[in-house]
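*Asks:* I have a structure here, written as structure tokens, and I will follow up with some questions on it.
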Amino acid sequence: NAETVPQAPEDALFGLMAAFRRDTDPKKVDLGIGAYRDDNAKPWVLPVVKQAEDVLRKDPNLNHEYLPIAGLPEFTSASQKLVLGADSPAIKEKRITSLQTISGTGAVHLGALFLSKFYKTKSERTAYFSDPTWPNHFQIFSNVGISTQTYPYFSKQTKGLDFEGMIGSIKSAAEGSIIVLHACAHNPTGVDPTQEQWKEIANVIKEKKHFPFFDTAYQGFASGDLANDAWAIRYFIEQGFETCIAQSYAKNFGLYGERAGCFHFVTSPSSDAESTVSRVASQLAILQRSEISNPPAYGARIASTVLNDKELFAEWEANLRTMSGRIIDMRKALRSKLEEAGTPGKWNHITEQIGMFSFTGLTEQQVLKLREDSHVYMTKNGRISMAGLNTHNIDYFAKAVDKAVRA
Ligand code: PMP
């Protein structure tokens, strides 16, 4: 009986959020969860999302019927174009199939589940993640019975990419391993490979007949340029890889709780690619049906309204630049405040890293000291969500870091 069920540890990130909420100090700063905040530390409903909601409200034909198993067709087709580019050969050659999912988490899960059923390898099937990665990757893949490993990624010395370590590890992984890659704005480090490095990564993956699996949760958030942030995925597709793509609209549309996401399976060019993809689609539909039956409608309708309308799309791009621009401003401000104060250590990585997060290099001890002394909340690995900083708290935060580093 259930008496034998052991207590599981609390989710570290959601536990941190709860601790922040309990803290009654008015100076408290939340740099934990990766959700965009405006300059007043408030959640930001994108103006374009409000416009899309107006459009939806006025549509007399909308109802609350079920969506199809694979989701809203105009949403999944627009999602393909967004990630691969409208003129992608994979779309033209019908080498891609896509299902709407429960945000990015659901997309990673559906891909992992599909691979657990249909991806055959000679040795034990293993998924490789960057060290460190979004912790949920481990749980999602191991839940479907795929064993997990890591490849080196972050160099503690340079606070940049450990490229040699990464390549070496992918090279020595058993042939046919699943290599999970963050398409851009790597979580938690904010460190991405350069285009030249991506090309080498692609070469090694091809050489070893590995299976690349892209997780893209920050398109448009990293550089403010949608095509630029999808460069790595598009390059791999150009090289003819078969791949899975898990796409989230949580961050780039601010639709966190609406759970809008999409899973794509792309097969390599071949004479029967279209029939391969149609068989894959039939299996994915069965998996989806047994798990969620069909996906939630509201968030996908909002994203789809924007993605399929030229003017709203342009407004969305402007909103993305507002978010990425404010984050870049905060990076510059934080770095210069720490450098001006002569805070021990180097701080160039703060502006060199990109996207939602910065891996500060603060030790666990310093992180805990910041929490106790200054009511600043960040994950124990020293990651800060840059969006939690603003013109009102950045001075306070920089001084708190200075104090913790000197302690
Ligand atoms: N992958 C990565 C790397 C992420 O950072 C996130 C969000 N934290 C996700 C996937 C999925 O998030 P969601 O399910 O909210 O879309």
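Counting in the UniProt record's numbering, the sequence shown runs from 45 upward without gaps.
Cβ atoms here follow ideal geometry from the backbone N, Cα and C, with glycine treated the same way.
Everything numeric in this text was worked out from a predicted model, so none of it was measured.
Would you kindly report the start and end of the unbroken alpha helix (DSSP H) that includes Phe64?
*Replies:* Start and end: Ala56 to Arg66.
*Asks:* What residue does the beta strand (DSSP E) around Thr287 start on, and which one ends it?
*Replies:* Segment Thr287 to Ser292, the beta strand (DSSP E) holding Thr287.
*Asks:* Residue range of the beta strand (DSSP E) that Ala156 falls in?
*Replies:* Careful: Ala156 lies outside any beta strand (DSSP E), inside the alpha helix (DSSP H) at Ser147 to Phe162.
*Asks:* How do the segment 118 to 126 and the segment 375 to 389 stand: do at least 3 beta-carbon pairs fall below 8 Å, yes or no?
*Replies:* The answer is no - the segment 375 to 389 does not touch the segment 118 to 126, with fewer than three Cβ pairs under 8 Å.
*Asks:* When the Cα of Glu286 is compared with those of His308, Asn338, Asn272 and Phe297, which residue comes out closest?
*Replies:* When each option's Cα is compared against that of Glu286, the closest is His308.
*Asks:* Under a Cβ-count criterion, where at least 16 other Cβ atoms within 10 Å of its own Cβ denotes burial, should Ala290 be classed as buried or exposed?
*Replies:* Counting Cβ neighbours within 10 Å, Ala290 comes out buried, since at least 16 surround it.
*Asks:* Tell me whether Asp74 is buried or exposed, calling it buried when 16 or more other Cβ atoms sit within 10 Å of its Cβ.
*Replies:* It counts as buried.
*Asks:* Please state whether DSSP places Gln51 in a helix, a strand or coil.
*Replies:* Coil, per DSSP.
*Asks:* Can you find the residues in the same chain that come closer than 6 Å, C-beta to C-beta, to Thr165, ignoring five residues on each side of it along the sequence?
*Replies:* Contacts found: Gly220.
*Asks:* Going by the C-beta, is residue 23 closer than 7 Å to any heavy atom of the ligand PMP?
*Replies:* Because the chain in this structure spans residues 45 to 451, residue 23 falls outside the shown range and cannot be described.
*Asks:* State the DSSP-derived secondary structure class of Ser348, mapped to helix, strand or coil.
*Replies:* Helix at Ser348.
*Asks:* Helix, strand or coil: how does DSSP classify Val188 here?
*Replies:* Reduced to three states, the DSSP call for Val188 is coil.
*Asks:* Whose C-alpha, out of Val99, Pro91 and Ile146, is nearest the C-alpha of Leu116?
*Replies:* Comparing Cα-Cα distances from Leu116 to each of Val99, Pro91 and Ile146, the minimum goes to Ile146.
*Asks:* Given 7 Å as the limit, tell me if Ala63 has its C-beta closer than that to any heavy atom belonging to the ligand PMP.
*Replies:* No, Cβ of Ala63 sits at least 7 Å from all heavy atoms of the ligand PMP.
*Asks:* Which residue from Arg427, Ser402 and Met400 puts its Cα closest to that of Leu412?
*Replies:* Nearest option by C-alpha distance: Arg427.
*Asks:* If you drop the 5 nearest sequence neighbours on each side, which residues of the same chain put their C-beta closer than 6 Å to that of Ser199?
*Replies:* The residues are Asp206.
*Asks:* Compute the minimum distance between the beta carbon of Asp259 and the heavy atoms of the ligand PMP, and state whether it is under 7 Å.
*Replies:* Correct: Asp259 has its Cβ closer than 7 Å to the ligand PMP.
*Asks:* To which residues does DSSP link Phe297 through a beta bridge?
*Replies:* According to DSSP, which records beta bridges pairwise, Phe297 is partnered with nothing at all.
*Asks:* Closest to Asn363 by C-alpha separation, out of Gln95, Asp55 and Glu47, would be which residue?
*Replies:* Ranking Gln95, Asp55 and Glu47 by Cα distance to Asn363 puts Gln95 first.
*Asks:* Hey, would you say Gly343 sits closer than 8 Å to Trp88, going by beta carbons?
*Replies:* No, they are not a contact pair.
*Asks:* Express the C-alpha separation of Pro256 and Lys215 in angstroms, rounding to a whole number.
*Replies:* In a straight line, the C-alpha of Lys215 is about 13 Å away from that of Pro256.
*Asks:* Compute the Euclidean distance between the alpha carbons of Asn437 and Gly268, then round it to the nearest angstrom.
*Replies:* When rounded, the distance between both Cα atoms is 24 Å.
*Asks:* Kindly list the residues whose CB is nearer than 8 Å to the CB of Thr423, restricted to its own chain and excluding five residues on each side of it in sequence; keep chain order.
*Replies:* Ala56, Leu57, Leu60, Gly76, Pro232 and Val411.
*Asks:* Grab the span of the beta strand (DSSP E) containing His393 for me, first residue to last.
*Replies:* Unbroken run through His393 is the alpha helix (DSSP H), Asn392 to Glu396; no beta strand (DSSP E).
*Asks:* Tell me whether Tyr300, by its Cβ, gets closer than 7 Å to a heavy atom of the ligand PMP.
*Replies:* Tyr300: yes, Cβ under 7 Å from the ligand PMP.
*Asks:* For the ligand PMP, any of its heavy atoms closer than 7 Å to the Cβ of Gly76?
*Replies:* Flag unset: Cβ of Gly76 not near the ligand PMP.
*Asks:* With a 10 Å radius around its C-beta and 16 neighbouring C-beta atoms as the bar for buried, classify Gly369 as buried or exposed.
*Replies:* Gly369 is exposed by the Cβ-count criterion.
*Asks:* Mind the definition here: the segment 241 to 251 touches the segment 105 to 114 only if three or more C-beta pairs lie below 8 Å; say whether that holds.
*Replies:* The segment 241 to 251 is not in contact with the segment 105 to 114.
*Asks:* Kindly indicate which three-state DSSP category Asp273 falls into: helix, strand or coil?
*Replies:* It is helical.
*Asks:* DSSP state of Val248, grouped into three classes?
*Replies:* It is helical.
*Asks:* Spatial neighbours of Met374 within its chain, please: C-beta separation below 6 Å, excluding the five flanking residues on both sides.
*Replies:* Taken in chain order, the residues that qualify are Met430 and Leu433.
*Asks:* Taking the Cβ atom as the reference point for each residue, do Tyr293 and Ala276 lie within a distance shorter than 8 Å?
*Replies:* Cβ distance not < 8 Å, so Tyr293 and Ala276 don't count as in contact.
*Asks:* Can you give me the C-alpha to C-alpha distance between Leu106 and Phe401, rounded to a whole angstrom?
*Replies:* Near 38 Å, if we compare the C-alpha coordinates of Phe401 and Leu106.
*Asks:* Is Val152 near the ligand PMP, with its Cβ less than 7 Å from a heavy atom?
*Replies:* Result yes, Cβ under 7 Å from the ligand PMP.
*Asks:* Is Gly59 near the ligand PMP, judged by its Cβ being under 7 Å from some heavy atom?
*Replies:* Result no, Cβ not under 7 Å from the ligand PMP.
*Asks:* Using alpha carbons as the reference points, say which of Pro70, Gly150 and Val99 lies closest to Ser337.
*Replies:* That would be Gly150, whose Cα lies nearest to the Cα of Ser337.
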